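Residue numbers (the working numbering): 1303 to 1681.
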Ligand code: PEP
Ligand code: MN
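Okay, here's the thing in structure tokens:
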């Protein structure tokens, strides 16, 4: 098997004067006028690479599935007119072939394709011996192995210019974001493959315009190498992903602000600690979502309660005992002794809660007064 190739130093080929690689353009190429108009406006905003989807892997059939091959020519002409290299998504070898024919500058593999090693290998085989940069989005599910595997498959073809793109992950927890960022995954990728540049795609993480700035900011603060942001000259009438696309003017404003803020944040902050706090924040959001789901299920139980379905005091005690044992196994229950610093919730403290008061708290949490059920348990 061919060993993976060296990666070309990123700064040799895709860095703007902002110091970051900025990929922007519409979710989909829709018409010659749309891609050219968008590209002309974006060219005023320090964009490194113009993106535009030609074949759209939509989750459900029946929605706009891309303009197809004829759009490649429009994309390339928009690039020529503005002096920007252009990129599009390929999902099968025939797409690669058509892109090479049209002299598309950069290819990317989308999240749904990265999920399938067979599909990635077919693309890799069609790229053997060809020197073209390839961006590889993370798979839909939070599986770092699949992401790394896809990167390895492309590198083994001899391609030196690969870029990973972090676009968030679909999980069972419903979040304010379309896809959860799970920042520890791109950070672990950085640790495992430090030579591979990583961009963040806040558009597909957020799914909505209003969250994009803060996610883009976080990405730069954790040290990612740039951003891929969807931008359309008329976002509200976009044929795909209308809610998450920015106008070129909004894109320009956001980039200026995010880059300025991340430079000042970096000057004063410890990046490692910032990353850890970001992960705590992410877990806290999941916890509150899960707790609210729990409360709503308990309310359903409460609403449907009949004499027979009420939980007995004895069963409740056994449920509590099991839950506490599970918590203890995860070392979540201390003996009340803690050193000054952070308590288990993350709050800074200097005083130690006594073992007695902790015991009381657990007791009151787990010792029901009656057999009847409330949203929190028997009351
Ligand atoms: C896209 O970039 O428009 C796209 C479909 O992305 P993803 O593969 O990340 O969903
Ligand atoms: Mn999109």
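We put the CB at the ideal spot given by N, CA and C, even for glycine. As the structure is a prediction and not an experimental result, all values here were calculated from the model.
Drop a sphere of 10 angstroms on the beta-carbon of residue 1523, count the other beta-carbons inside from all chains shown, and report buried for 16 or more, exposed for fewer. Start at 1 with the first residue of the chain shown, and residue 1523 comes out as number 221. Answer is buried; the Cβ neighbour count reaches 16.
When you compare the CB positions of residue 1358 and residue 1566, do they come within less than 8 Å of one another, or not? Your numbering for residue 1358 matches position 56 in the chain shown. Your numbering for residue 1566 matches position 264 in the chain shown. No Cβ-Cβ contact shorter than 8 Å links residue 1358 with residue 1566.
Classify residue 1347 as helix, strand or coil using the three-state DSSP reduction. Here residue 1347 is taken as the residue at index 45 of the chain shown, counted from 1. In this structure, residue 1347 counts as coil in the three-state DSSP scheme.
On the three-state DSSP scale, how would you describe residue 1442? Translated into the one-based positions of the chain shown, residue 1442 becomes position 140. Annotated three-state conformation of residue 1442 is coil, per DSSP.
Supposed contact pair residue 1472 and residue 1442 - C-beta distance, whole angstroms, cut 8 Å: What you label residue 1442 is simply residue 140 of the chain shown in a count that begins at 1. What you label residue 1472 is simply residue 170 of the chain shown in a count that begins at 1. Confirmed, Cβ separation roughly 5 Å.
How would you call residue 1505, buried or exposed, if buried means at least 16 neighbouring beta carbons within 10 angstroms? Taking the chain shown and counting its residues from 1, one reaches residue 1505 at position 203. Answer is buried; the Cβ neighbour count reaches 16.
For residue 1471, does the three-state DSSP call read helix, strand or coil? Reading the chain shown from its first residue, position 169 is the one you call residue 1471. Strand, per DSSP.
How about residue 1450 and residue 1489: do their beta carbons lie closer than 8 Å? Your numbering for residue 1450 matches position 148 in the chain shown. Your numbering for residue 1489 matches position 187 in the chain shown. No. Outside cutoff.
Backbone CA spacing between residue 1659 and residue 1481 [nearest angstrom]: The count along the chain shown starts at 1 and reaches residue 1659 at position 357. The count along the chain shown starts at 1 and reaches residue 1481 at position 179. For residue 1659, the predicted model reports a pLDDT of 45, less than 50, meaning its position is unreliable and no value from the coordinates is stated.
Please list, in chain order, all residues of the same chain as residue 1514 whose beta carbon is under 6 Å from its beta carbon, the five residues on each side excluded. Indexing the chain shown from 1 puts residue 1514 at position 212. Closer than 6 Å at the Cβ level, and outside the excluded window around residue 1514, lie 1504 and 1508.
Residue 1508, enclosing alpha helix (DSSP H) - first and last residue: Translated into positions along the chain shown, residue 1508 becomes position 206. Taken as a continuous stretch (DSSP letters only), the alpha helix (DSSP H) holding residue 1508 covers 1504-1508.
Chain-ordered residues, beta carbon under 5 Å from a heavy atom of the ligand PEP: Ordered along the chain, the selected set is 1329, 1355, 1412, 1413, 1439, 1469 and 1506.
State buried or exposed for residue 1363, treating a residue as buried only when at least 16 other CB atoms are found within 10 Å of its CB. As a working mapping, residue 1363 is identified with position 61 in the chain shown. Of the residues assessed, residue 1363 falls on the exposed side of the cut-off, its CB having fewer than 16 other CB atoms within 10 angstroms.
Confirm, please, whether the CB-CB distance from residue 1416 to residue 1408 is below 8 Å. Residue numbering aside, residue 1408 sits at position 106 when the chain shown is read from its first letter. Residue numbering aside, residue 1416 sits at position 114 when the chain shown is read from its first letter. Against a cut-off of 8 Å, the Cβ pair of residue 1416 and residue 1408 comes out as no contact.
Cβ-Cβ separation, residue 1330 to residue 1355 (assumed contact under 8 Å), whole Å: Translated into the one-based positions of the chain shown, residue 1355 becomes position 53. Translated into the one-based positions of the chain shown, residue 1330 becomes position 28. Indeed they touch by this definition, with Cβ atoms about 4 Å apart.
Please report how far the alpha carbon of residue 1486 lies from the alpha carbon of residue 1493, in whole angstroms. Taking the first residue of the chain shown as position 1, residue 1486 is located at position 184. Taking the first residue of the chain shown as position 1, residue 1493 is located at position 191. About 10 Å.
Check whether the stretch 1327-1347 touches the stretch 1380-1393, taking contact to mean three or more Cβ pairs, one atom from each stretch, closer than 8 Å. With the cut-off at 8 Å, the stretch 1327-1347 and the stretch 1380-1393 touch.
Give the secondary structure of residue 1526 by DSSP, where H, G and I count as helix, E and B as strand, and everything else as coil. Taking the first residue of the chain shown as position 1, residue 1526 is located at position 224. In the three-state DSSP reduction, residue 1526 falls in the coil class, being neither helix nor strand.
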